[in-house]
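Going by my numbering, the sequence shown opens with residue 61, and the numbers climb by one from there.
First the structure, in the form of structure tokens, and then the observations on it.
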Amino acid sequence: MDPKARRTLLMELSRPRESFRTQMLVKSKEKVKKRLQNRIKVSSAYQRVRDNIPKCKCTRELSRAFCTELFPFWGVIKRYSLRRYLLADFVAGMTVGIIHIPQGMAYGFLSNLPPVYGLYTSFFPVLLYFFFGSSQKISMGTFAVTSLMIGAVVTNGLEKYRHTLPVVSTPESTTLTTNHTYNITVNSSVEITTPHVTTEQDVHDAEIQMKVAFAMSVSFLAGLMQFALGCFRFGFLASFMSDPLISGFTTAAAVHVFSSQVKFLFGIQVATYSGPVQTHLCKCLDTTYFYRDFFQNLHNTNPVTATASVTCIFVLILIKEGINNNPTCKKDLPVPIPIELMVVVAATVISHYTRINQEFQVEVVGVIPVGLPPPNMKNLVYAPELIGDAIGIAFVAFATSYAMAKILAEKSKEDINANQELVANGICNLVGALFSSFCSAASLSRSLVQEEAGGKTQIVGIFSSILVLIVLLYIGPMFAALPTCILACVSDGYAKGNAVWFVTFIATVILDVGLGLMVGVIFALYFVLRNTQSPNICMLGRVPGTNAYKDVKLSRTLISVPGIKIFRFEANLYFANAEQFRDRLYERTGLNPKKLKTKKQKALYKALLQRKRELELAEIEQQAEEKKKQKELKKMRSSIEEEVDKEIGDELTEEQETILNKDKKELQSRFSKAWLPPVHTVVLDFSVVSYIDTVAIKVLSQILEEYKEVGIKVFLSGCREDVRKIIKKADFYQSIDYNCLYFTIHEAVVIAQELNIDTEVGNVNNMETFW
């Protein structure tokens, strides 16, 4: 038989065998998969905990990492450069502190408490966040939405327990009665103990004490919940706070802020509605009845109060929009003009010298106590009754703070730990409530001012706290003559920016959609949580002899492709799980771009130091003639590696980065390409993903950019047509190469291997010419 024909016949005979072997292999894989699934179902949580306990260990490195995570300020202190950061942080701290003073008093007034409690909230939580917060850019303290929610709790609690307050009693003529009646004269020598007389001031003090007790009780519970959620690692709840959710909530809250303060702008007394609808669970239409009573009493407007309010609002808008937010004037200002503080000081001076309180019945702040309040556990007496209110306040306070931290962290490329932020917010509110400060949160306006003023780290909070402390200890009583309408104007400045949406949201704010919708939303959220927060996540390996890729945990025979990580996320990608997708990707692949970037910088700096030390030794060696010097050279060579390792810590300092930047071009041209992580490509299997939203696309773009900085390519495989269209509409390809998309995993793997061969050839040439 012809050799060529014989070879063809043998190939034809071998094909069925190969197909049969592949079929048997696939069947065996399915059996292994079923066994593993049954084994997973049988295993209980107790068994998993018992198996993981022996893996737990406590070393010096782990203890140091735990302390650094719990106290983020320690890492900031170690890397802090006095020459580069101190002046900028001081200026930003003074600027933010100046804003804290009027905002603290205004939002304290918004929470139905004396304004001094807003100053307490601008001091204690800010100081505590310095030690426990992970964000270096946000400004903690008073916040309009949380202040409004605290005020609602205070108002409802006061109405419920008003009957327990003392009643004003007046002294009457005292007589001594026996069988006969004797009138007691002033000169009588008989001593008579008259009953205690309750004055209006006593009733007012008791009312203030009850308000403070309600505010501190709900703030303490909110802090306790935040702290507990942070300890049990419930930070993933932050992923459900999408931008539309936060935007819609804060806009509707701005309407309520304006509604709660508008009566003070006109000096009108409007009682809280307590009609039959108010007895129902939903308390609908309360805003409607408020405005009905407001317009009915509009003829009782105090002309002086209204004039002062209009003037204050006009000045605030003129300076803020005309100067502070004007791009033409803004670039010439080192810091924004503190117009809120200027208005408060000017109004206080005018009110003090014109005595508008006595002459025109304009309501003023009143006496402000001096000093710091001692810790008081008695204010927590109403805590058991306010658990439901505390849940909402805790969620809103953390949502706004974390959202603000994420926005500012994207600019500076910081890492924000959601669990640590929960712990930090919880400690701020937990401890702050003991010192008479209500629930705190990050403020958008103050945080942006802090960034614009050049603040670098959270040490800005230390300087702003010092300024607020000076006000509490020395300057506070001077604001006793400040009209309350001025504080209402400062509070309503928060709602001014949302006026465009007022008409859109007015129906939702006024009307209620019923208890059924609330129950439906809760159940829908439950199913979303269950389906999207616990998807199947796995790393894929190649089935031997085929182009198929399966979960590496299903069988030991699966082959991991060298230099390539294949990651599968079996769920749709949207705002609720986008952050989890990134975290799980970094965790499963073991490739955290930030850690790899730090490792790369350390390697470059280490190469630079070794090169300089070798050059120094070469010069000494040329001059060495005696044996003693030769011995010293040997010791110096052996200690080079140890000295370099000791000099380089966990992260490069500012001075080391400066040294590295001088020779960075030369090092990168010779050594940077030679240093590469063990993995050169990450393949994301999107064959299961059928939907992706803009938030997830943004996170995906950040992942590709971060991996690109450390020399790792990211390929997307198996994208469905719908996903491709959504990605294209979101302008994903403007910053990302279109060639990162492939139809199959195997196609992406083959392309990655071909590209890596060219890279390795270039790296060998670079290594030969480096030294």
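Each residue gets a CB set at the ideal place from its N, CA and C atoms; glycine is no exception.
Exposure label - residue i; buried when at least 16 CB within 10 Å
| i | result |
| --- | --- |
| Q356 | exposed |
| G492 | buried |
| M276 | buried |
| F629 | buried |
| G217 | buried |
| C116 | exposed |
| R293 | exposed |
| Q329 | exposed |
| C779 | buried |
| Y47 | What is shown of the chain runs 61 to 831, which leaves residue 47 out entirely. |
| I624 | buried |
| G382 | exposed |
| F126 | exposed |
| M285 | buried |
| K773 | buried |
| Y802 | buried |
| D475 | exposed |
| V404 | buried |
Segment limits, alpha helix (DSSP H) that includes residue i
| i | result |
| --- | --- |
| C127 | 120 to 130 |
| G283 | 260 to 291 |
| N869 | Residue 869 lies beyond the residue range present for the chain, which begins at 61 and ends at 831; the question has no answer from this structure. |
| G153 | 147 to 170 |
| A638 | 638 to 649 |
| G217 | 204 to 220 |
| L508 | 504 to 512 |
| Y189 | 184 to 192 |
Own chain, CB closer than 7 Å to residue i, minus 5 neighbours either side, in chain order
| i | result |
| --- | --- |
| I786 | I752 |
| V520 | D149, A152, G153, V156, Q510 |
| V364 | I416, F420, V422 |
Where residue i sits in the DSSP three-state scheme
| i | result |
| --- | --- |
| L760 | helix |
| G452 | helix |
| R780 | coil |
| R415 | coil |
| G601 | strand |
| P595 | coil |
| G178 | helix |
| P43 | Since the first residue shown for the chain is 61 and the last is 831, residue 43 is missing from the structure and cannot be characterised. |
| I805 | helix |
| I428 | coil |
| L12 | Shown here, the chain extends from 61 to 831; a query on residue 12 therefore has no answer. |
| F133 | helix |
| K733 | With a pLDDT of 49 at K733, under the threshold of 50, the modelled position of that residue is not reliable, and no figure is offered here. |
| P114 | helix |
| I526 | helix |
| I839 | Because the chain in this structure spans residues 61 to 831, residue 839 falls outside the shown range and cannot be described. |
| L341 | The predicted position of L341 is uncertain, since its pLDDT is 39 and thus under 50; no value can be drawn from it. |
| F775 | strand |
| E446 | Reading off the sequence shown, one finds Leu at residue 446, where the question assumed Glu. DSSP places L446 in coil when its eight states are reduced to three. |
| L815 | helix |
| M437 | coil |
| L669 | helix |
| L633 | strand |
6 Å CB neighbourhood of residue i in its chain, flanking five on each side removed
| i | result |
| --- | --- |
| E647 | none |
| A512 | The sequence given here places Glu at residue 512; Ala does not occur at that position. Answer for E512: no residue qualifies. |
| I811 | none |
Same chain, Cβ closer than 8 Å to residue i, five either side skipped, listed in chain order
| i | result |
| --- | --- |
| V272 | L173, Y177, N439, S496 |
| P433 | Y180, F495, S496 |
| N816 | G623, H740, T741 |
| N384 | K390, L393, P396, I397, I399 |
| G431 | L532, L533 |
| V528 | G157, H160, I161, G164, L179, S182, F183, V186 |
| T517 | V136, Y140, Y145, D149, Q196 |
Enclosing beta strand (DSSP E) for residue i [first to last residue]
| i | result |
| --- | --- |
| V743 | 741 to 745 |
| F627 | 624 to 630 |
| D611 | 609 to 611 |
9 Å Cβ cutoff, residue i in contact with chain C
| i | result |
| --- | --- |
| S123 | Included in the structure is just one protein chain, with no chain C present. |
Any non-hydrogen atom of the ligand MG within 8 Å of residue i CB
| i | result |
| --- | --- |
| L600 | Inclusion of the ligand MG in the displayed structure is not the case, the ligand content being empty and no account of it being possible. |
Checklist entry - On the three-pair Cβ rule with 8 Å, is the region 157 to 175 touching the region 392 to 400? => result yes
Next on the checklist: Is it the case that the region 499 to 509 contacts the region 193 to 204, given that we only count it when at least three CB pairs across the two stretches are under 8 Å?
Outcome noted: yes
Checklist entry - If we count Cβ pairs, one from each stretch, closer than 8 Å, do we get three or more for the region 368 to 380 versus the region 127 to 146? => result no
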